[in-house]
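In full-length UniProt numbering, the protein residues as written are 1 to 307.
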């Protein structure tokens with residue numbers, strides 16, 4: 001187990017190094033000078049050169065890369081050209097909003113996914129099962145940005161029930177959290193439904209029914225606990241995808257999280273902020289995957305014996 005954990009940790013470090021390298025060169029490949037973007041196209045050339053020297057942009061690309069890696073090890077990603085604050089501070093300031101949004105969406109997806117998946121599995125081929133199946137296909141296929149715009153039009157523009165943007169109240173989180181939760185909801189719903197259908201006719205479930213136990217206890221205790229491992233594993237891995245989806249959702253709803261900070265920084269060619277955002281999200285994604293892998297090995301004896 002320890003050797004497996006160390007091997008996964010070593011792979012995680014390589015993945016993080018790759019993510020840092022890709023974002024560094026990807027930002028330099030974007031056309032346009034960040035100093036000119038900050039000062040404007042009519043800025044004096046001497047001012048542009050001074051800003052380039054101040055942020056080390058006048059150095060060669062290999063020198064900038066080495067400096068970037070050396071500073072990144074100490075979580076120092078430099079200062080924002082645009083906001084004149086440390087990039088690390090900016091990311092940490094916006095991270096709480098993204099975390100609140102992602103955790104709320106995760107909770108919505110799990111609660112509704114388990115409830116609807118259980119209803120569909122206990123009434124196979126019935127009206128509820130068909131409605132849930134159609135709902136699952138819709139939530140899986142509809143683009144996130146389109147869903148967000150439709151929710152704004154219906155609940156904010158026409159019904160005036162919810163604010164269309166910002167994060168000033170709990171009501172402001174409803175539409176972005178629901179929009180972000182829908183793709184994961186579809187995944188959880190399908191896993192719960194198929195998992196329960198596989199185990200509901202097993203001998204131990206039939207035996208539990210024969211003992212006179214209520215259907216709620218048979219499904220909720222005997223059947224559910226034997227299909228939780230794959231659901232929990234996939235749900236944990238999919239939590240990382242919520243962070244990727246948050247970039248689009250935060251832009252649509254003007255949510256003040258890391259995703260919106262990153263899109264604004266990309267438009268302004270604010271290298272330090274983009275690099276800090278990408279590496280922070282990569283670290284969170286890698287840690288979640290590592291924990292899920294270790295948990296899976298811990299819970300499943302078959303996997304534990306193979307590692």
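In this text, a Cβ means the ideal position worked out from N, Cα and C, and glycines have one as well.
For residue i, does the three-state DSSP call read helix, strand or coil?
i	result
residue 79	strand
residue 10	helix
residue 181	helix
residue 86	strand
residue 70	helix
residue 41	coil
residue 201	coil
residue 94	helix
residue 146	helix
residue 227	coil
residue 260	helix
residue 1	coil
residue 253	coil
residue 129	helix
residue 222	helix
residue 30	coil
residue 190	helix
residue 271	helix
residue 65	helix
Any idea if residue i is buried or exposed, counting beta-carbon neighbours within 10 angstroms, 16 or more meaning buried?
i	result
residue 88	buried
residue 257	buried
residue 49	exposed
residue 169	exposed
residue 262	buried
residue 252	buried
residue 219	buried
residue 210	exposed
residue 202	exposed
residue 136	buried
residue 113	buried
residue 131	exposed
residue 11	exposed
residue 293	buried
residue 215	exposed
residue 98	buried
Taking the alpha-carbon of residue i as reference, which of the options has the nearest alpha-carbon?
i	options	result
residue 79	270, 159, 295 and 289	270
residue 94	142, 273 and 163	273
residue 196	206, 223 and 39	223
residue 59	28, 86 and 40	28
residue 9	296, 177, 291 and 124	291
residue 107	294, 242, 126 and 45	242
residue 155	139, 216, 179 and 138	179
residue 236	221, 188 and 250	188
residue 183	283, 142 and 13	142
residue 296	229, 164, 212 and 92	229
residue 280	298, 240, 264 and 250	240
residue 65	283, 275 and 208	275
residue 231	284, 282, 126 and 111	111
residue 84	54, 213 and 30	54
If residue i and residue j are in contact, beta carbons under 8 Å, what's the gap, nearest whole angstrom?
i	j	result
residue 267	residue 181	With a Cβ gap of about 27 Å, residue 267 and residue 181 do not count as contacting.
residue 259	residue 247	4 Å
residue 185	residue 174	Incorrect: roughly 15 Å between the Cβ atoms, too far for contact.
residue 16	residue 286	6 Å
residue 315	residue 254	Past the edges of the chain, shown from 1 to 307, lies residue 315, and the structure says nothing about it.
residue 227	residue 206	Rounded, the Cβ-Cβ distance is 16 Å, inconsistent with contact.
residue 51	residue 61	Between residue 61 and residue 51 the Cβ distance is about 18 Å, and since that is not below 8 Å, they are no contact.
Point to revise | Three-pair Cβ contact test at 8 Å for the region 113-122 versus the region 177-195 | key: Yes, they touch.
Check your understanding: Does the region 60-78 come close enough to the region 18-25 to have 3 or more Cβ pairs within less than 8 Å?
Key -> Flag = yes, the region 60-78 and the region 18-25 touch.
Practice item. Decide yes or no for the touch test of the region 231-246 against the region 98-112: beta carbon pairs closer than 8 Å, at least 3 of them. Key: The region 231-246 and the region 98-112 touch, with no fewer than 3 CB-CB distances between them shorter than 8 Å.
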